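> Encoded as structure tokens, here's the structure I'll be asking about.
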Amino acid sequence: MTERTLVLVKPDGVSRGLVGEVISRIERKGLKLVALELRNVERDLAEQHYAEHAGKGFYEDLLSFITSGPVVAAVVEGPRAAAAFRQLAGGTDPVEKAATGSIRGDFGMEVQYNLVHGSDSPESAEREVKLWFPDL
Ligand code: CMP
Numbered sequence: 084m085t086e087r088t089l090v091l092v093k094p095d096g097v098s099r100g101l102v103g104e105v106i107s108r109i110e111r112k113g114l115k116l117v118a119l120e121l122r123n124v125e126r127d128l129a130e131q132h133y134a135e136h137a138g139k140g141f142y143e144d145l146l147s148f149i150t151s152g153p154v155v156a157a158v159v160e161g162p163r164a165a166a167a168f169r170q171l172a173g174g175t176d177p178v179e180k181a182a183t184g185s186i187r188g189d190f191g192m193e194v195q196y197n198l199v200h201g202s203d204s205p206e207s208a209e210r211e212v213k214l215w216f217p218d219l
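Numbering (this note's numbering), first residue to last: 84 to 219.
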């Protein structure tokens, strides 16, 4: 069954000129882009997006970072889209967890600056797609 997931190229990915690289990998994998937008993130959206991390030690830094510059937000579609993009992204920690060949493994060095976000399950994807693209 086809599924949708939310992908973000975070401010580090945008400022480093890696948007094309990320989009290219999504397309080459066989996933389909159904929405794509460059936008600045308001604090309120960032808080809702990262609600599950509220109270954690890195939460305030995470909000400051994600609101620090434009992100590219995309909705990506395909069979098992959330898992497929998580595999393209690699583990959260670009050095300890992400394999070489993944986006984070190839381009990242720090857990905070890990370039991309992908919804972690089909259920999170549904919530995040509605949050970022309510009119889709
Ligand atoms: P993301 O997939 O966007 O989901 C939550 C984000 O929090 C994660 O990627 C990381 O960028 C960030 N994160 C997770 N753990 C840490 C940590 N220990 N220190 C700083 N940032 C973190």
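Even for Gly, the Cβ is constructed at its ideal location relative to N, Cα and C.
Nothing here was measured: the structure is a model prediction, and the numbers come from that model.
State buried or exposed for Gly96, treating a residue as buried only when at least 16 other CB atoms are found within 10 Å of its CB.
It is buried - the Cβ of Gly96 has at least 16 other Cβ atoms within 10 Å.
> Mapping DSSP to helix, strand and coil, what is Ala167?
The answer is helix: DSSP assigns Ala167 an H, G or I state.
> So is the beta-carbon of Leu150 under 7 Å away from any non-hydrogen atom of ligand 1?
Sequence inspection shows Thr at residue 150; the Leu mentioned does not correspond to that position. Checking every heavy atom of ligand 1 against the Cβ of Thr150, none is found closer than 7 Å.
> Do three or more CB pairs link the region 199-215 to the region 86-102 at distances below 8 Å?
Counting Cβ pairs under 8 Å, three or more are found: they touch.
> What residue does the beta strand (DSSP E) around Leu116 start on, and which one ends it?
Leu116 -> beta strand (DSSP E) spans 115-122.
> Closer than 7 Å: is that where the CB of His95 sits relative to any heavy atom of ligand 1?
Correcting the residue type first, residue 95 is Asp in the shown sequence and not His. Asp95: no, Cβ never under 7 Å from ligand 1.
> Please state whether DSSP places Glu179 in a helix, a strand or coil.
Three-state result, Glu179: coil.
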